[in-house]
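*Asks:* Here it is: the structure, laid out below.
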Amino acid sequence: SGIEGSYIELEWNLGKLERPLIEICKVVCLRNKSSERVDYSVKLSSLWSHDGTGSGEITNPMQLVVDDTTQNIFVADISASRIQVFSGEGSYLYKIPTPPYPIGVALTDEYIFVSTDNKLVLKIDKSSRESLKSVDTQNQVFGIEISTKTDIYVCEYSNQSVIVFDNDLTFLRRIKLRSIQVVSDTYTNSIKLYEANMYVIFGGHSPIFHLRIFTLEGELIRCLIRESEVGWGFFFSFDQLGNIIVADWGANQIKVFSQEGAVLHTITSDMLP
49 SGIEGSYIEL EWNLGKLERP LIEICKVVCL RNKSSERVDY SVKLSSLWSH DGTGSGEITN
109 PMQLVVDDTT QNIFVADISA SRIQVFSGEG SYLYKIPTPP YPIGVALTDE YIFVSTDNKL
169 VLKIDKSSRE SLKSVDTQNQ VFGIEISTKT DIYVCEYSNQ SVIVFDNDLT FLRRIKLRSI
229 QVVSDTYTNS IKLYEANMYV IFGGHSPIFH LRIFTLEGEL IRCLIRESEV GWGFFFSFDQ
289 LGNIIVADWG ANQIKVFSQE GAVLHTITSD MLP
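Read in order, the letters of the sequence shown correspond to residues 49 to 321 in the numbering used here.
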């Protein structure tokens, strides 16, 4: 694997599945909190969600996030205009209605922040589930991330930029991602903050994929992963060793990369991640 003390062992028990499950499967790969090794064993024995619009059903899931306190899983359900919440064991808990087309979701201890396809960023009280504030960004937004200082970073989809708000959704600044080659149909999909840098996925309607590292001022550090390694992806995450986990739509795979861009693990299925 290239990482001492880590391994991969796969056991798929479900046969042919629909897309929604793989979005939940991404969480399975991140459940081990040990700092000594990364356990990428995946054993699936139950289907958490079916295609549909009923409670606990998901037609088109987008970004998901795990609550560090409760281990509950929040999923942006774009087709049904809601955030659905599952327990760490996969039980459906509740839903939070949103304006049309939620894409990104991120959490603090008290609040849920949601980005939508109709140019809104929302602040929702986690306890009452009531919407507290919404901001019109004027441009389409996509993935969302929260810094350790609880600033909100939102991908500006078609503008190769990241918008930064404070915890009350007051605009702070727009970070233009410089030194990137602008290609037709290339969009800013998702962002993660790691060790004082921004990791950003660029994708498009055709199989275009780049994962690039920027400073917090928007200066390009390097291109880490290219489309030759990932066919098409929107969202990604880190494990506790800093390895990068990418959902690859183009190949029906979840891929794990080192910080040097080497492929460490590949999880393949017949589902769209």
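Beta carbons: idealized from backbone N, C-alpha and C, even for Gly.
Leaving out five residues on either side along the sequence, give the residues of the same chain with a beta carbon under 6 Å from the beta carbon of residue 172.
*Replies:* If we look at residue 172 and ignore the five residues flanking it on each side, its Cβ neighbours are 160, 179.
*Asks:* Along the chain, which unbroken stretches of the beta strand (DSSP E) at least 3 residues long are found entirely within the region 166 to 226?
*Replies:* Within the region 166 to 226, the complete beta strand (DSSP E) runs of at least 3 residues are 168 to 173, 179 to 184, 189 to 194, 200 to 204, 209 to 213, 219 to 224.
*Asks:* What number of angstroms, rounded off, separates the C-alpha of residue 217 from the C-alpha of residue 123?
*Replies:* Roughly 21 Å between the two C-alpha positions.
*Asks:* Just tell me which of 198, 222, 154 has its CA closest to the CA of residue 365.
*Replies:* A question about residue 365 goes unanswered here, because the residues of the chain that appear run from 49 up to 321.
*Asks:* Smallest Cα separation from residue 186: which of 130, 203, 131, 266?
*Replies:* With distances taken between Cα atoms, residue 186 lies closest to 203.
*Asks:* Roughly how many angstroms separate the alpha carbons of residue 310 and residue 291, rounded to a whole number?
*Replies:* Between residue 310 and residue 291, the C-alpha separation is close to 10 Å.
*Asks:* List the DSSP bridge partners of residue 126.
*Replies:* Residue 126 pairs with nothing; no bridge assigned.
*Asks:* How big is the Cα-Cα spacing for residue 211 and residue 222?
*Replies:* Rounded to whole angstroms, residue 211 to residue 222 spans 5 Å at the Cα level.
*Asks:* Assign residue 299 to one of three DSSP states: helix, strand, or coil.
*Replies:* In this structure, residue 299 counts as helix in the three-state DSSP scheme.
*Asks:* Taking Cβ to Cβ, would you say residue 284 is nearer than 7 Å to residue 111?
*Replies:* Not a contact, by the Cβ cut-off of 7 Å.
*Asks:* For a quick check, are the C-beta atoms of residue 130 and residue 148 less than 7 Å apart?
*Replies:* Cβ atoms of residue 130 and residue 148: not closer than 7 Å.
*Asks:* Just tell me which of 200, 139, 106 has its CA closest to the CA of residue 120.
*Replies:* For residue 120, the nearest C-alpha among the options comes from 139.
*Asks:* Checking 7 Å against the spacing of the C-beta atoms, do residue 280 and residue 257 come in under that value?
*Replies:* Taking 7 Å as the Cβ cut-off, residue 280 and residue 257 qualify as a contacting pair.
*Asks:* What's the gap between the Cα of residue 219 and the Cα of residue 270?
*Replies:* For residue 219 and residue 270, the distance between alpha carbons rounds to 28 Å.
*Asks:* Entirely within the region 102 to 165 and at least 3 residues each: give me those beta strand (DSSP E) ranges in chain order.
*Replies:* Listed in chain order, they are 109 to 114, 121 to 125, 130 to 134, 140 to 145, 150 to 155, 159 to 164.
*Asks:* Mind checking who residue 284 pairs with in its DSSP beta bridge?
*Replies:* Per DSSP, 294.
*Asks:* Between residue 176 and residue 235, what straight-line distance do the alpha-carbon atoms span, to the nearest angstrom?
*Replies:* Each residue's Cα considered, the two are about 34 Å apart.
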